[in-house]
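Going by UniProt numbering, 30 is the number at position 30 of the sequence shown; the sequence numbering is gapless. Every residue gets a Cβ at the ideal spot worked out from N, C-alpha and C, and that includes glycine. Quantities reported herein were computed from a predicted structural model and do not represent experimental measurements. Read the structure below first, then the notes.
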Amino acid sequence: MNFLALETSCDETSAAVFTDEPRILSNVVASQNDLHARFGGVVPEIASRAHLRNILPVIDEALAKANVSLAGIGCVAVHNTPGLVGALLIGVSAAKALAGTLGVPLIAVNHVHSHIYACRLAAGRDIFPCVGLVVSGGHTSLFRCDSALSLTLLGGTRDDAAGEAFDKVAAILGLGFPGGPAVEREAAGGNPKAFAFPRAFQHDTRLEFSFSGLKTAVLYACHGQNVAKATPPPAGQTRQDLAASFQAAVVDVLVQKCKQALRQAGLSRLAVGGGVTANTVLRSRLQEMCDRERVELVIPPMSLCTDNAAMAALAVEKWRLNEFAPDDLDAEPNFQ
Ligand code: KG4
Ligand code: ZN
């Protein structure tokens with residue numbers, strides 16, 4: 001049985017074809033980075049319009065790469081929550097139209113839960129129970145995952161997501177968009193101890209995050225208390241030190257909270273997904289912590305960490321339980 005899945009929650013238009021094993025046959029992603037770069041962040045209206053332009057060509061390409069025709073699709077899956085409502089609507093509308101026309105079932109999948117399922121796909125075997133961390137431009141959430149479909153939220157961010165903080169700090173430092181890779185490159189030449197930036201909740205038993213104070217601390221370190229004067233961003237070694245010190249603060253709290261979640265949940269496997277896992281310092285620090293704690297770490301390859309439709313193979317688990325979406329399925333922007 002072949003599934004066709006769609007992802008349009010933010011600024012990537014993606015379609016994937018996979019089997020009920022699940023085995024991925026294709027995973028096509030059209031990025032909109034170029035469209036949003038000059039605004040320093042994702043502009044929802046532009047994202048929706050780009051999804052509308054991209055969705056049909058992306059579906060065609062996913063089917064062609066999988067060598068499957070529409071007639072060979074037995075089920076349609078879509079991420080309908082959470083995300084930008086206008087962006088989600090494009091995927092949901094296309095999925096409903098396809099499922100209705102083909103006369104096949106429709107399955108609604110939670111995008112954040114799919115980020116954890118990407119770890120299951122990458123491992124090629126059962127990874128549950130585990131602690132799951134989703135760390136992306138929109139989310140910083142820790143879960144207890146008893147199975148692919150039973151996820152309990154242990155804690156999340158009170159304000160900015162970790163990736164959003166990377167993007168905003170990149171803008172403060174004049175490093176462009178998307179900010180994560182640019183900050184990491186800049187940080188490579190810097191001293192992570194040069195600036196003592198705040199690490200919110202680090203010594204707190206609550207599994208919560210806050211990155212907005214850190215972002216403001218970087219802003220003040222750049223421009224002094226009189227931010228309104230808008231001095232040009234620092235350059236050279238100072239900018240490298242700011243990037244490295246900021247990155248160290250984010251990585252410290254992410255690693256610390258994962259360690260606490262593992263100990264509190266009494267689990268010995270950690271699954272991590274989302275775009276920020278591209279960060280090599282985060283990856284190596286997580287690996288060190290897991291080695292010390294005798295915990296297995298599962299991080300998918302980048303193609304499954306950043307937003308994509310293949311991770312919606314979580315739909316296969318719902319299909320096995322006959323958990324189909326209603327005909328009036330809607331986009332739900334807020335986390336369910
Ligand atoms: O998962 P993703 O592709 O989209 C969302 O669902 O948000 O994640 C994108 C986020 C962006 O905020 C980007 O700056 C961040 O992941 N990111 C990174 C790195 N590469 C991407 N953050 C830190 N270091 C990186 N190397
Ligand atoms: Zn995502």
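Give the DSSP-derived three-state secondary structure of residue i in the structure shown.
i: Gly41; result: coil
i: Gly163; result: helix
i: His79; result: strand
i: Ala30; result: strand
i: Ala17; result: Looking at the sequence itself, residue 17 is Val, so the reference to Ala does not match. Correct three-state label for Val17: strand.
i: Gly104; result: Strictly speaking, residue 104 in this sequence is Val, with Gly absent from that position. Reduced to three states, the DSSP call for Val104 is coil.
i: Gly86; result: helix
i: Glu332; result: coil
i: Leu175; result: coil
i: Leu98; result: helix
i: Ile24; result: strand
Among the options, which one has its Cα closest to the Cα of residue i?
i: Gly132; options: Ala148, Gly72, Ala99, Asn80; result: Ala148
i: Cys130; options: Gly236, Ala122, Glu288, Leu151; result: Leu151
i: Ala196; options: Arg206, Lys215, Arg185, Pro178; result: Lys215
i: Ser31; options: Leu25, Glu21, Pro22, Val42; result: Val42
i: residue 338; options: Cys75, Asn2, Leu89; result: There is no way to answer for residue 338, as the model of the chain reaches only from 1 to 336.
i: Thr140; options: Leu207, Gly100, Glu186, Ala170; result: Leu207
i: Asn308; options: Val85, Asp159, Arg38, Ser136; result: Ser136
i: Val281; options: Val250, Phe143, Ala15; result: Val250
i: Leu173; options: Lys193, Ala244, Arg144, Phe211; result: Ala244
i: Ile55; options: Asp11, His36, Ala325, Val272; result: Asp11
i: Tyr117; options: Leu329, Pro301, Leu102; result: Pro301
i: Ala331; options: Ala50, Asn322, Leu84; result: Leu84
i: Asp291; options: Ala315, Val255, Gln264, Leu154; result: Val255
i: Ala171; options: Gly40, Asp328, Ser9, Pro192; result: Gly40
Can you give the Cα-Cα distance for residue i and residue j, rounded to whole angstroms?
i: Asp126; j: Glu164; result: 31 Å
i: Ala278; j: Phe177; result: 15 Å
i: Ser268; j: Lys259; result: 10 Å
i: residue 356; j: Ala5; result: Residue coverage of the chain in this structure runs from 1 to 336, which leaves residue 356 outside it and unanswerable.
i: Glu45; j: Asp34; result: 15 Å
i: Ser210; j: Gly275; result: 18 Å
i: residue 361; j: Leu242; result: Any answer about residue 361 is impossible in this case: the structure gives the chain only from 1 up to 336.
i: Val272; j: Ala261; result: 13 Å
i: Thr13; j: Ala312; result: 13 Å
Just checking: is the beta-carbon of residue i within a distance shorter than 9 Å of some beta-carbon in chain B?
i: Leu242; result: Absent from the structure is chain B; it holds one protein chain and no more.
Name the two residues that bound the continuous alpha helix (DSSP H) containing residue i.
i: Ile116; result: 111-123
i: Asn33; result: 33-36
i: Arg269; result: No alpha helix (DSSP H) contains Arg269, which is instead part of the beta strand (DSSP E) from 269-273.
i: Phe246; result: 236-265
i: Thr216; result: 212-223
i: Leu314; result: 314-320
i: Glu186; result: 179-187
Terminal residues of the continuous beta strand (DSSP E) containing residue i?
i: Ser141; result: 140-145
i: Leu133; result: 130-135
i: Ala5; result: 2-7
i: Gly155; result: 151-156
request  = Can you check the region 48-74 for any beta strand (DSSP E) of at least 3 residues that lies completely inside it and give the ranges in chain order?
outcome  = Correct list: empty.
key: Runs of beta strand (DSSP E) wholly within the region 281-310 (minimum 3 residues, chain order)   = Every beta strand (DSSP E) of 3 residues or more that sits fully in the region 281-310 is shown, in chain order, as 296-298.
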